[in-house]
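Structure first, commentary second.
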Amino acid sequence: MTDEIIIKFLLEESSEGENKQIETWLAADAKNQKYLQEMQLIWETSKSLGSLNLADENIAWENFKAKADERKASQAKQNSLYWLKIAASLVLISVVGWLGYQYFKAPEMITIQTAATIDTVILPDGSVVKLNKYSVLNYPDRFKGGKREISLSKGEAFFTITPDAEKPFTIQTNDIKIRVIGTSFNVKCGKNETEVIVATGNVKVTQKNEEINLKPGEKVTAYHQNVKLQKQPVEDQLYNYYFTKTFVANGTPLWRLVEVLNEAYGVTIVIKNDKLKNLQLTSTFKNESLDQILVVLQETFNLKISRENKLIIIN
Amino acid sequence: MEAEINLIHQINTGNQLVFEKLFKQYFKVLQNYAFTILKDLDVAEEMVQNVFLKIWEKQEKLPQDAVVASYLYKSVYHESLNWLRHEKVKASHQQHTLYSMKNESDSAEGRIKMNQLQEQLQKALNELPQQCRTIFQMSRFDELRYREIAEELGISVKTVENQMGKALRLMRLKLVEFLPVLIGLINSIFILK
């Protein structure tokens with residue numbers, strides 16, 4: 001007898017034929033009766049595994065609706081919070097990224113080149129550079145690490161360096177290096193030499209293995225053929241005319257003034273008579289034209305000044 | 316089958332009235348089904364809620380070729396087993412003992428034996444495969460006829476017969492050592508009465 005039929009019999013699912021089979025089977029052996037009894041016990045007892053106190057489906061539906069609404073509300077809240085978090089993270093990442101990029105990227109080099117006019121350049125540390133005509137200055141857009149390095153590859157400039165003992169300032173020209181902390185000085189790159197004149201503070205000039213310290217009123221001319229570096233006193237204040245617009249002659253020989261005027265106005269003045277070369281002049285020309293200056297010279301020393309083509313000749 | 320496909324379509328496309336009807340139709344039988352696994356009516360309700368929530372919130376779509384009843388029983392079964400896995404047997408066992416105590420029997424000895432029988436039965440029920448258990452559940456607690464079970468689950472009456480046979484056979488095997496004592500006990504109570 002199969003369990004299937006026995007259970008069908010118990011559940012009154014069995015057919016007439018099956019009922020007869022069961023009856024025969026039960027009558028055949030007491031063991032069979034016991035077997036049926038066991039199955040019946042299991043079936044009856046298993047009923048108690050269920051519950052009779054089931055919730056009402058209408059109340060359950062209300063409970064369900066409340067739960068669904070609650071979840072919907074909290075999910076909407078979480079969603080908006082989620083997007084807010086994402087947005088905030090993105091902003092933070094971009095800001096940190098941008099700052100990091102700015103900080104870690106190599107500084108960009110800036111080149112300032114002047115033509116027929118002078119220029120004033122403010123460096124990232126606040127130092128001021130008066131750049132003379134036809135000069136070239138290179139500097140980074142920010143000074144990174146413990147140093148400030150720039151270069152003057154051509155021409156002339158007057159530097160007023162913002163003091164910063166932690167970050168020494170270095171200017172590279174042709175083959176010399178000028179190291180300062182906080183000071184002002186003039187650098188002039190010539191074809192064959194570089195001239196450094198100190199106005200205030202201390203300046204250290206290095207050429208190959210040679211090094212020299214300059215104080216205010218001192219200058220050095222470093223020749224590219226590498227003659228020994230030598231300090232000299234600064235004889236006059238004419239070097240700074242290009243940004244002061246002032247020519248200060250204080251017992252200055254005429255040849256020297258002529259030299260500066262040639263440079264300043266891009267002309268060629270020639271002193272034909274050697275005796276006139278050492279005539280000493282004490283005077284200040286401020287914001288005056290070349291012609292005005294020449295008239296003063298002419299009248300002071302009783303000179304004859306004539307023009308031949310582009311030359312100006314003093315006799 | 317036509318009606319079944321239509322029902323699934325209605326639910327998947329978010330027809331609230333159809334959903335509500337489905338919920339109310341199946342809530343009790345599913346709660347009872349979960350109860351036989353969990354032995355806690357509140358948790359059982361929660362499991363049924365969870366299954367319907369997943370459908371409601373479209374986290375889970377009813378498969379096109381599903382039989383809704385079968386799908387629901389299966390989902391509640393897995394939901395309940397997952398819960399048990401998290402909660403461990405301890406809590407549910409306590410619940411079960413408490414529950415069993417409520418059942419009356421005529422003698423103290425008989426009650427203890429009945430409790431043991433129920434406990435063993437519960438164990439055996441919990442070890443039945445999902446489909447076998449669902450069919451047993453529908454027959455035992457929902458008191459459906461074989462034909463009705465077959466229709467709801469979209470299976471043949473023959474399969475229902477086989478699964479019922481399997482369910483009782485497996486349960487009997489679990490209880491085989493208890494049964495002779497119990498039968499004797501019940502008989503003696505019966506005779507005394």
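If you read the protein sequences in the order shown, they are chains A and B.
For the first sequence, the working numbering gives the first residue as 1, with consecutive numbering after it.
For the second sequence, the working numbering gives the first residue as 316, with consecutive numbering after it.
Yeah, the Cβ is synthetic: ideal placement off N, Cα and C, and Gly gets one too.
Segment contact flag, the segment 37-49 of chain A with the segment 336-344 of chain B, C-beta cutoff 8 Å, min 3 pairs:
no
Using a Cβ-Cβ cut-off of 8 Å (strictly less than) and excluding sequence neighbours within five positions of Glu-299/A, which residues of its own chain qualify?
none
Give, in chain order, every unbroken run of the alpha helix (DSSP H) that is at least 4 residues long and sits entirely within the segment 331-361 of chain B.
331-353
Short of 8 Å in beta carbon distance, which residues of its chain neighbour Lys-417/B, apart from the five on each side in sequence? Order them along the chain.
Residue placement at Lys-417/B is flagged as unreliable, the pLDDT there being 47, under the threshold of 50; a coordinate-derived value is accordingly withheld.
Could you check the C-alpha separation between Ser-94/A and Leu-356/B for me, to the nearest Å?
Between the alpha carbons of Ser-94/A and Leu-356/B lies a gap of roughly 53 Å.
Do the segment 53-71 of chain A and the segment 373-382 of chain B meet, that is, are 3 or more Cβ pairs less than 8 Å apart?
no
Would you call the CB atoms of Leu-254/A and Lys-286/A closer than 8 Å?
no
Would the segment 459-469 of chain B count as touching the segment 57-66 of chain A if we require 3 or more Cβ pairs under 8 Å?
no
Ile-59/A: buried (16+ other C-beta within 10 angstroms of its C-beta) or exposed?
exposed
What residue range does the beta strand (DSSP E) around Ala-116/A cover?
Looking at the DSSP string, Ala-116/A is not in any beta strand (DSSP E), and its letter there is neither H nor E.
Any Cβ of chain A within less than 8 Å of the Cβ of Leu-440/B?
Yes, because at least one Cβ of chain A sits closer than 8 Å to the Cβ of Leu-440/B.
Opposite Thr-252/A in the DSSP bridges: which residues?
Thr-252/A is bridged to Leu-281/A.
From Arg-455/B, Pro-495/B and Gly-499/B, pick the residue whose C-alpha is nearest to that of Gly-480/B; which is it?
Per the Cα distances, Arg-455/B.
Is DSSP giving Gly-217/A helix, strand or coil here?
Under the three-state reduction of DSSP, Gly-217/A is assigned to coil, being neither helix nor strand.
Can you list the residues of chain B that Ala-88/A reaches, using a CB-CB cut of under 9 Å?
Within 9 Å Cβ-Cβ: nothing; Ala-88/A doesn't reach chain B, min ~27 Å.
Host beta strand (DSSP E) of Asn-138/A (start-end)
136-140
Buried or exposed (CB count within 10 angstroms, at least 16 for buried), Trp-398/B
buried
Taking the DSSP output, what are the residues bridged to Ala-222/A?
Thr-194/A
Under the assumption that Met-39/A contacts Leu-10/A (Cβ atoms under 8 Å), give the Cβ distance between them as a whole number of angstroms.
6 Å
So for Glu-211/A, helix, strand or coil by DSSP?
Looking at Glu-211/A - three-state DSSP - the assignment turns out to be strand.
Min CB distance Tyr-461/B to chain A below 8 Å:
yes
Using a beta-carbon distance below 8 Å, is Glu-70/A in contact with chain B?
No, Glu-70/A lies away from the interface with chain B (no Cβ there is under 8 Å from its Cβ).
Cβ contact check for the segment 359-367 of chain B and the segment 386-393 of chain B: 3 or more pairs under 8 Å
yes
What are the start and end residues of each continuous alpha helix (DSSP H) run of 4 or more residues lying completely inside the segment 10-65 of chain A, in chain order?
Positions of the alpha helix (DSSP H) runs, each at least 4 residues long and wholly inside the segment 10-65 of chain A, are given as 16-28 and 30-46 in order along the chain.
So with CB distances below 7 Å, who are the chain B contacts of Met-39/A?
Leu-483 and Arg-487
The segment 190-201 of chain A touching the segment 158-178 of chain A, judged by at least three CB pairs closer than 8 Å
Verdict: yes, contact present.
Going by DSSP, what residue range makes up the alpha helix (DSSP H) through Glu-375/B?
Taken as a continuous stretch (DSSP letters only), Glu-375/B belongs to no alpha helix (DSSP H), as it is neither H nor E.
Pick out whichever of Phe-493/B, Ile-326/B, Leu-443/B and Arg-448/B has its Cα sitting closest to the Cα of Gln-379/B.
Comparing alpha carbon positions, the residue from Phe-493/B, Ile-326/B, Leu-443/B and Arg-448/B closest to Gln-379/B is Ile-326/B.
Under the rule that 16 or more other beta-carbon atoms within 10 Å means buried, what is Lys-304/A, buried or exposed?
exposed
With DSSP as the reference, please indicate the residues paired to Ile-314/A in a beta bridge.
In the DSSP assignment, Ile-314/A forms a beta bridge with Ile-271/A and Ile-305/A.
Could you tell me whether the Cβ atoms of Ile-321/A and Leu-84/A are closer together than 8 Å?
Beyond the ends of chain A as shown, which are 1 and 315, falls residue 321/A; an answer cannot be given.
Can you tell me the Cα-Cα spacing of Asn-19/A and Gln-33/A, whole angstroms?
14 Å
By DSSP, does Ile-161/A sit in helix, in strand, or in coil?
DSSP, reduced to helix, strand and coil, places Ile-161/A outside both helices and strands of the structure shown, so it counts as coil.
Does the CB of Trp-371/B have a neighbour CB from chain A at under 8 Å?
yes
Ile-150/A versus Ala-76/A - alpha carbon distance
58 Å
Just grab the DSSP bridge partners of Met-109/A for me.
Pro-140/A
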